[in-house]
Amino acid sequence: MPVIDAFPPGTPVWVDLQSSDPAGAAAFYRDLFGWEVAPATDEMGGYAVATLSGTPVTAIGPLPPMVADAGGRSTWTTYFVVDDIERAASAATDHGGQVLVPPGELARGVFLAIVADPTGAVFGLWQQEKGSPWLRNEPGAVDWLELVADGYENSLGFYENVLTVGVSQTAMNEGVYTLFDVGDANVAGASSPWAPDTPSHWLVYFQVADLDAAIARLVGLGGATLSLPLAATGVGRWAVVVDPFGGAFALLEPEREAA
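Numbering-wise (UniProt numbering), the sequence shown opens with residue 1 and increments by one.
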């Protein structure tokens, strides 16, 4: 299993879910992906950590009271490593974004801030001397992360300055796909929304072994599809879906390598 414990600046380091029903969401994702979900603790800010084979995958917690009171929807949040969180937060405002939660110490030696890019897509900044193990690129774990926004092209400079990532493009089907790079590694992507009036956001893709079976299981558990299955050569098949409490994410069945 690919367990990552080294996170150069600009790389994703974690995702978590803020849900209107944390207990219900924990049961849904446990049954969908086979996660083991520990009880929520005050030490974790009311979050419950989910693991596969003993390695952390994500955490599930409540919506912030202000968001819940305003009728906000459940949301997945993606966090990126920075080497100087104060600089990164300042760069966010300097380049057209907003700081929603200013930098603060989440736990000993772990500093966190929440920002929005110029399109309104919200994500986290994370500074930590040494990263914690994170399971990636296995069925039930995070496979890919993608900025979904109208006019995302206008935010690329923002990410170059805030996260110190590079930007490149690659051929996909009959078009091109935008990538965020750290060194030679593609760490995330960017694309236009799949449907009109989709709010700007960072979309979390979870890997599955069989997309059709995963969709059927999701629907049986009370989730729903937001897009038809899509496909791209060299990538695989995926669909955008939503949990019973409004949290949108994607399921991705990677293309199998030729024997």
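Ideal Cβ positions, reconstructed from N, Cα and C, are used throughout, including at glycine. The structure displayed is predicted, hence computed values, not measured ones.
Query raised in the report: Is it the case that the Cβ atoms of Ala116 and Leu125 are separated by a distance below 8 Å?
Result: No, Cβ-Cβ distance for Ala116 and Leu125 is not below 8 Å.
Query raised in the report: In the UniProt domain "VOC" (11-128), which residue ranges form an unbroken alpha helix (DSSP H) of at least 4 residues, counting only runs that do not cross its ends?
Result: Entirely contained in the UniProt domain "VOC" (11-128), the alpha helix (DSSP H) runs reaching 4 residues are, in chain order, 22-33, 65-69 and 85-94.
Query raised in the report: Residue range of the beta strand (DSSP E) that Glu160 falls in?
Result: Looking at the DSSP string, Glu160 is not in any beta strand (DSSP E); the run it does join, the alpha helix (DSSP H), is Leu156 to Val162.
Query raised in the report: So what does Gly236 bridge to, in DSSP terms?
Result: BP columns for Gly236 point to Ala232 and Pro254.
Query raised in the report: Going by other Cβ atoms of all chains shown within 10 Å of its Cβ, with 16 needed for buried, is Ser74 buried or exposed?
Result: Taking all protein chains in view, the Cβ of Ser74 is crowded by 16 or more other Cβ atoms within 10 Å, so the residue is classified as buried.
Query raised in the report: Exposed or buried, Asp143, counting other C-beta atoms within 10 Å across all chains shown (16 or more means buried)?
Result: It counts as buried.
Report task. From the DSSP output, in three-state form, read off Asp150 for me. Result -> Correct three-state label for Asp150: coil.
**Report entry** Nearest to Asn137 (by Cα), restricted to the options Leu52, Val240, Phe123 and Pro9
**Finding:** It is Leu52.
Query raised in the report: Mind checking Pro254: buried by the 16 CB within 10 Å criterion, or exposed?
Result: It counts as buried.
Report task. Taking only the alpha-carbon atoms, compute the straight-line gap between Thr178 and Phe28 and give it to the nearest angstrom. Result -> Their Cα atoms are separated by approximately 32 Å.
Query raised in the report: How many Å lie between Ala38 and Gly54 at the Cα?
Result: One Cα belongs to Ala38, the other to Gly54, and the distance between them is close to 11 Å.
Query raised in the report: Within this structure, are the beta carbons of Pro140 and Trp35 separated by less than 8 Å?
Result: It is worth fixing the name first, because residue 140 is Gly in this sequence and not Pro. Yes, the pair counts as a contact, with Cβ atoms nearer than the cut-off.
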